[in-house]
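What follows is a single structure, written as structure tokens, with notes after it.
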């Protein structure tokens with residue numbers, strides 16, 4: 001089995017962020033908001049806090065009741081000493097969670113999930129500022145996946161890096177799968193995007209935005225890259241015989257979505273992206289600080 005472990009890629013990015021913070025003597029502060037007793041969220045909160053502190057980002061993890069989240073977001077938005085906000089989900093585990101994202105100031109949204117940044121992503125508007133001098137903030141996990149794929153043969157380091165590639169994504173959530181599909185398509189890929197209702201084509205070069213349906217069989221047989229993020233054990237795992245020969249397979253779910261045989265058959269198998277997602281969060285935090293909070297010398 002040919003496996004790519006994201007730890008080494010993430011380590012390089014973390015070291016780059018750390019070196020820049022130390023070199024320039026930056027004092028960057030992040031507020032983490034934890035309003036859930038979900039064990040996975042607590043573990044992730046502690047992991048992101050320790051990871052940020054390792055690179056020199058001060059991280060204040062604030063635990064509150066769900067009813068107090070809105071007030072706390074307002075407070076940290078107004079606090080000029082806070083440069084980034086991280087909210088851990090689920091909180092209510094319903095539509096109210098999505099509403100919390102848009103309460104954050106986009107200038108402190110280190111996850112890139114406020115509608116301000118998402119609208120830019122869908123419009124392929126890659127810059128912000130009065131003179132378009134700042135690079136847009138992109139969602140952490142989708143960007144982490146693209147940065148990992150940049151280390152593979154699917155990616156060209158010039159022009160539209162995924163031009164000519166067909167990529168299937170099993171996950172069309174608003175926080176990962178859909179933004180990822182559009183980011184891949186913005187970079188030239190023909191994308192087959194699947195959720196529980198089936199698959200659609202996202203091919204911005206051909207002006208196709210979720211208007212053409214596609215079967216799982218067709219998508220997998222044509223795909224140079226298959227990306228899965230289905231958090232359910234009921235998902236019919238991707239089988240070796242479904243894959244195109246030499247396909248790159250990447251799983252970002254906490255549950256493996258490929259059979260062991262498919263993992264063996266893959267041209268390259270990437271079992272997780274978690275460390276890279278956290279590294280991207282640190283990169284985004286540094287970018288927000290540089291763009292909006294650093295005082296001119």
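In my numbering, the protein residues as written are 1 to 297. Idealized CB from N, CA, C, for every residue including glycine. Predicted, not measured: the structure shown is a model, and the values here were computed from it.
On the three-state DSSP scale, how would you describe residue 259? coil
Could you spell out where the alpha helix (DSSP H) holding residue 47 opens and where it closes? 39-54
Residue from 32, 247 and 98 whose Cα sits closest to the Cα of residue 63: 32
Residues of its chain near residue 97, where Cβ-Cβ distance is below 7 Å and the 5 sequence neighbours each way are ignored: 89, 90 and 91
Assuming residue 139 contacts residue 111 under a Cβ cut-off of 8 Å, what Cβ separation, rounded to an integer in Å, is found between them? 6 Å
What is the rounded straight-line gap between the Cα of residue 196 and the Cα of residue 223? 19 Å
Give me the residue from 59, 82 and 35 with the minimum Cα distance to residue 294. 82
Between the stretch 273-282 and the stretch 178-189, do at least 3 Cβ pairs fall closer than 8 Å? no
Return helix, strand or coil for residue 314, following the three-state DSSP convention. Because the chain is modelled from 1 through 297, residue 314 falls outside the range shown and cannot be assessed.
Taking only three categories from DSSP, how would you classify residue 166? strand
Pick from 57, 250 and 36: whose alpha carbon is nearest that of residue 171? 250
Distance between residue 28 and residue 78 (C-alpha atoms, nearest Å): 16 Å
Is the CB-CB distance between residue 259 and residue 239 below 7 Å? yes
Among the residues of its own chain, which have a CB less than 6 Å from the CB of residue 252, if the five just before and after it don't count? 229 and 273
Who are the near neighbours of residue 107 in its chain, counting only those whose CB is closer than 8 Å to its CB and skipping five residues on each side? 288, 291, 292 and 293
Is the CB-CB distance between residue 35 and residue 76 below 7 Å? no
For residue 184 versus residue 175, is the C-beta spacing smaller than 7 Å? no
To which residues of the same chain is residue 194 closer than 6 Å at the C-beta, ignoring the five residues directly before and after it? 170
Separation of residue 242 from residue 233, as counted between CA atoms: 19 Å
Cα-Cα separation, residue 125 to residue 132: 10 Å
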